[in-house]
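As structure tokens, the structure follows; a few thoughts come after it.
In our numbering, the protein residues as written are 1 to 160.
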């Protein structure tokens, strides 16, 4: 598992690194900075929830990072790709232990926000009460475990 995650990490890193830095090399400094920030955000998003959390923390560090980076990384706070409608419907039913229609009169399958671990949907309960539903994304626990295993492997390798 660690070998697969490490391969995925290095492949994605190399791909995004080459794309961002080779295309950005001819741009003015400010544009290059924005291109690098976009590269980092995309890389973190593709790597999974732990990496997105790191990006969210980085977005709060205006004392360390340029404005272009802060603006780009703030996207990770509520605009991470969300589950599709079918996945959402399945996840709600699985997490509630019964069909979505048994609990909600209406349920907007398009989330109002989506972050690394969960997404938020507006819904109306049977009975009429309007609510916001925070739905944990499928596969998050497995992805976090894999991300942390990879990070432990990298740290141990660096200690050698």
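We treat Cβ as the ideally placed atom computed from N, Cα and C, and that holds for glycine.
Quantities reported herein were computed from a predicted structural model and do not represent experimental measurements.
Option nearest residue i by Cα separation, candidates the options
i: residue 116; options: 105, 64, 73; result: 73
i: residue 81; options: 153, 59, 114, 136; result: 114
i: residue 67; options: 38, 104, 136, 153; result: 38
i: residue 77; options: 93, 59, 122; result: 59
i: residue 92; options: 79, 63, 120; result: 120
i: residue 75; options: 40, 104, 152; result: 40
i: residue 133; options: 64, 42, 112, 71; result: 112
i: residue 42; options: 62, 156, 79; result: 79
Buried or exposed (CB count within 10 angstroms, at least 16 for buried), residue i
i: residue 95; result: exposed
i: residue 143; result: buried
i: residue 148; result: exposed
i: residue 137; result: buried
i: residue 55; result: buried
i: residue 99; result: exposed
i: residue 146; result: buried
i: residue 135; result: buried
i: residue 150; result: buried
i: residue 64; result: exposed
Residue i: CB within 7 Å of a non-hydrogen atom of the ligand ATP
i: residue 60; result: Among the ligands in the structure shown, none appear at all, so the ligand ATP cannot be discussed.
Identified DSSP bridge partners for residue i
i: residue 79; result: 114
i: residue 107; result: 123
Assigned secondary structure, residue i (DSSP; H/G/I helix, E/B strand, else coil)
i: residue 100; result: helix
i: residue 135; result: strand
i: residue 64; result: coil
i: residue 123; result: strand
i: residue 130; result: strand
i: residue 59; result: coil
At least three beta-carbon pairs within less than 8 Å, the stretch 28-40 to the stretch 118-132:
A contact is defined here as three or more CB-CB pairs under 8 Å, and the stretch 28-40 fails this definition with respect to the stretch 118-132.
Review point. Is there contact between the stretch 50-58 and the stretch 86-100, where contact requires at least three CB pairs shorter than 8 Å?
Key: No: fewer than three Cβ pairs fall under 8 Å.
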